[in-house]
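So the sequences go chain by chain: A and B. The first sequence begins at 5 in my numbering and counts up one residue at a time. The second sequence begins at 5 in my numbering and counts up one residue at a time. Okay, so here's the structure we're looking at.
There are 2 protein chains.
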Amino acid sequence: MGGNCVDRIERFTDDEQKLLVETLLSQNYVIELLSSELNDIESGIKAKDEHSYQQLKSLYDRLRIK
Amino acid sequence: MGGNCVDRIERFTDDEQKLLVETLLSQNYVIELLSSELNDIESGIKAKDEHSYQQLKSLYDRLRIK
């Protein structure tokens, strides 16, 4: 699935990526999204490299305390 | 709310933004997210400039036909 995502993200321009992240923040889905992703990784459903996993965890912690 | 989002997006590095968009795609939340945002704009709950609105609609159409 990782490879697939990389293929897909390249179809978005920087502007579009920024707009998607802004939308994600404004709809308050971001905590739910990160929590689902961390669950998938921690339960072994999804494989993710260690660096991305740590980055996701740190984003989750930063956003959760707001 | 727009100004608030811009404040918040600046707290993310490019790497983190990319990771968030990849996660968004891999969790299949993206259609749901865009649909909620378009609904909020079209019902007047949320104000958005015309360019961003068109870009969101075009992203929604591109992703919906997959």
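We put the CB at the ideal spot given by N, CA and C, even for glycine.
Does DSSP classify residue i as helix, strand or coil?
i: Lys61 (chain A); result: helix
i: Asp18 (chain B); result: helix
i: Asp53 (chain A); result: coil
i: Asn32 (chain A); result: coil
i: Ile45 (chain B); result: helix
In chain order, what residues of the same chain lie with their CB nearer than 7 Å to the CB of residue i, ignoring the 5 residues before and after it?
i: Glu26 (chain A); result: none
i: Val34 (chain B); result: Leu28 and Leu67
i: Ile69 (chain A); result: none
Give me the Cα-Cα distance between residue i and residue j, rounded to the nearest whole angstrom.
i: Asp18 (chain B); j: Ser62 (chain A); result: 15 Å
i: Phe16 (chain B); j: Ala51 (chain B); result: 23 Å
i: Leu23 (chain B); j: Asp53 (chain A); result: 12 Å
i: Glu41 (chain A); j: Gln31 (chain B); result: 7 Å
i: His55 (chain B); j: Leu38 (chain A); result: 28 Å
i: Tyr64 (chain B); j: Ile49 (chain A); result: 27 Å
i: Ile45 (chain B); j: Tyr57 (chain A); result: 34 Å
i: Glu20 (chain A); j: Glu20 (chain B); result: 15 Å
i: Gln59 (chain B); j: Leu60 (chain A); result: 27 Å
Notebook entry, point to check: If you measure beta-carbon to beta-carbon, which residues of the stretch 40–58 of chain A are closer than 9 Å to chain B?
Noted result: Ser40, Glu41, Asp44, Lys50 and Ser56
Notebook entry, point to check: Listed from N- to C-terminal order along the chain, which residues in the stretch 19–37 of chain B have their beta-carbon within a distance smaller than 9 Å of any beta-carbon of chain A?
Noted result: Asp19, Glu20, Gln21, Lys22, Leu23, Leu24, Val25, Glu26, Thr27, Leu28, Leu29, Ser30, Gln31, Tyr33, Val34, Glu36 and Leu37
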